[in-house]
Amino acid sequence: MTLTEQIARFYQYLETEKQYSSHTLKNYQRDISAFLAYCEQQSIDDFSQLDSAHIRSFVASRHRQGLAGRSLQRNLSALRSLFHYLNKQRLLSTNPAKGVRAPKTPRKLPEVLTVDQLDQLLHIRSDDILSIRDKAMMELMYGCGLRLSELVGLDLKKIDEKQQKLNVIGKGEKQRELPYGGKAKDALQNWLSVRPQLADGDEQAVFVSQRGQRLKQRSIQQRMKKWAITQGLDSDLYPHKLRHSFASHILESSGDLRAVQELLGHENLSTTQIYTHLDFQHLAKVYDDAHPRARKK
């Protein structure tokens, strides 16, 4: 079996058995293509020729090209998965990427909006149909901590208005139920009451475009940027910032890290723990502003 055939089967395995998203698949394909180009430069035409020194050399070359630590870690993750698959298929006897580490980079804290900024953003007085739709989208993203892909993929049948909960499909096709209420409930009801004016008759997407079809991610990003300007925010707005704000504010109020992990749909608690650093930053600012011996003269 040729290398091309082996890799094609690996991608099929990721898509059908592992059920990776199209976004993750594209990342893996890009990373492995870069590695194949490296192998070609090194005159390597069989993976059995590889050892850990080759993998470290590849990572070093990517690092010189300007890739950051997180991207290099993803590169290594793709290679480990590929070689692990080939090991299981008895097409390769070792995993040369095992044990190879990428250079560490400082973890960047997510940007969040303050409660006052969110009130300013969501205080939308316009009652045209697109404003009603956009307010519902932003209230739901902030009210439930949704990913952009989860908002785009939300269907009418996944909303339980009586129980006030959503069923969303997250990373790895994993489903989770999320409660919603208050402002998000009101905004969603307002949108659903006017949605038939835009939506095609058989369209199941909750949020639709002016053409009546499922709204695309790029359109939502553009609309949010527009609203940040319209509402006078002095901060750039992108969908994930609402999710970060949701997580930070819930953790700040409750201190329940496990609950935030469940609400966000994080597989590992370590992913959620970054919000504890944001919470500490908030406490440190309060201390600096309030403590008489900490305030600058």
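When you read off a place in the sequence shown, starting at 1, and then add 847, the result is the number in the numbering used here.
A virtual CB, placed ideally from N, CA and C, is assigned to each residue, including glycine.
Just so you know, these numbers come straight off a predicted model, no measurement behind them.
Taking only the alpha-carbon atoms, compute the straight-line gap between residue i and residue j and give it to the nearest angstrom.
{"i": "Glu-864", "j": "Ile-971", "result": "44 Å"}
{"i": "Tyr-858", "j": "Leu-872", "result": "7 Å"}
{"i": "Leu-919", "j": "Ser-973", "result": "46 Å"}
{"i": "Glu-1008", "j": "Gln-1057", "result": "24 Å"}
{"i": "Ser-928", "j": "Asp-892", "result": "19 Å"}
{"i": "Asp-1016", "j": "Leu-1104", "result": "Note that residue 1016 is Ile in the sequence shown here, rather than Asp. Taking the straight line from one Cα to the other gives about 21 Å."}
{"i": "Lys-951", "j": "Gln-1108", "result": "24 Å"}
When you compare each of the options to residue i by their alpha carbons, which one comes out closest?
{"i": "Ser-869", "options": "Gln-936, Lys-935, Leu-987, Ser-996", "result": "Ser-996"}
{"i": "Ser-1040", "options": "Leu-977, Leu-1116, Gln-964, Asp-963", "result": "Leu-977"}
{"i": "Asp-981", "options": "Leu-1035, Gln-936, Phe-930", "result": "Leu-1035"}
{"i": "Gln-1078", "options": "Phe-1054, Asp-878, Ile-1121, Gln-967", "result": "Gln-967"}
{"i": "Asp-963", "options": "Ile-979, Arg-1090, His-1087, Leu-1080", "result": "Leu-1080"}
{"i": "Thr-941", "options": "Pro-950, Ala-949, Leu-926", "result": "Leu-926"}
{"i": "Tyr-932", "options": "Arg-1090, Tyr-860, Asp-1083", "result": "Tyr-860"}
{"i": "Glu-958", "options": "Arg-1090, Gly-1059, Glu-1114", "result": "Arg-1090"}
{"i": "Leu-960", "options": "Ile-979, Pro-1043, Asp-1083", "result": "Asp-1083"}
{"i": "Leu-850", "options": "Lys-1032, Leu-938, Gly-990, Val-1055", "result": "Leu-938"}
{"i": "Ala-1075", "options": "Ser-924, Leu-993, Met-985, Arg-877", "result": "Met-985"}
{"i": "Asp-878", "options": "Gln-889, Leu-1062, Gln-866, Arg-909", "result": "Arg-909"}
{"i": "Ala-1031", "options": "Gly-992, Leu-987, Leu-993, Gln-1022", "result": "Leu-987"}
{"i": "Leu-1062", "options": "Asn-874, Glu-862, Leu-998", "result": "Leu-998"}
Starting from residue i, follow the alpha helix (DSSP H) in both directions and report where the run begins and ends.
{"i": "Lys-976", "result": "The sequence shown places Ile at residue 976, not Lys. Start and end: 976-991."}
{"i": "Asn-942", "result": "Premise fails: Asn-942 is in no alpha helix (DSSP H) and is neither H nor E."}
{"i": "Ile-854", "result": "850-863"}
{"i": "Asp-963", "result": "962-969"}
{"i": "Glu-1109", "result": "1104-1111"}
{"i": "Arg-1090", "result": "1086-1101"}
{"i": "Val-997", "result": "Before going further, note that residue 997 is Glu rather than Val in the sequence given. Per DSSP, Glu-997 belongs to the alpha helix (DSSP H) from 995-999."}
{"i": "Leu-897", "result": "No alpha helix (DSSP H) holds Leu-897; DSSP gives it neither H nor E."}
{"i": "Ile-879", "result": "869-888"}
So is the beta-carbon of residue i under 7 Å away from any non-hydrogen atom of the ligand NAD?
{"i": "Arg-972", "result": "No copy of the ligand NAD occurs in the structure displayed, which carries no ligand at all."}
**Request:** Return the chain-ordered ranges of every alpha helix (DSSP H) run that is complete within the stretch 1003-1065 and spans a minimum of 4 residues.
**Result:** 1029-1041
**Request:** Would you check if the stretch 934-950 and the stretch 887-903 touch, i.e. whether three or more CB-CB distances between them fall below 8 Å?
**Result:** yes
**Request:** Tell me the start and end of each unbroken beta strand (DSSP E) in the stretch 900-938 that is at least 3 residues and wholly inside, in chain order.
**Result:** none
**Message:** Quick check: the stretch 1019-1037 against the stretch 1064-1072, are at least 3 beta-carbon pairs closer than 8 Å?
**Reply:** no
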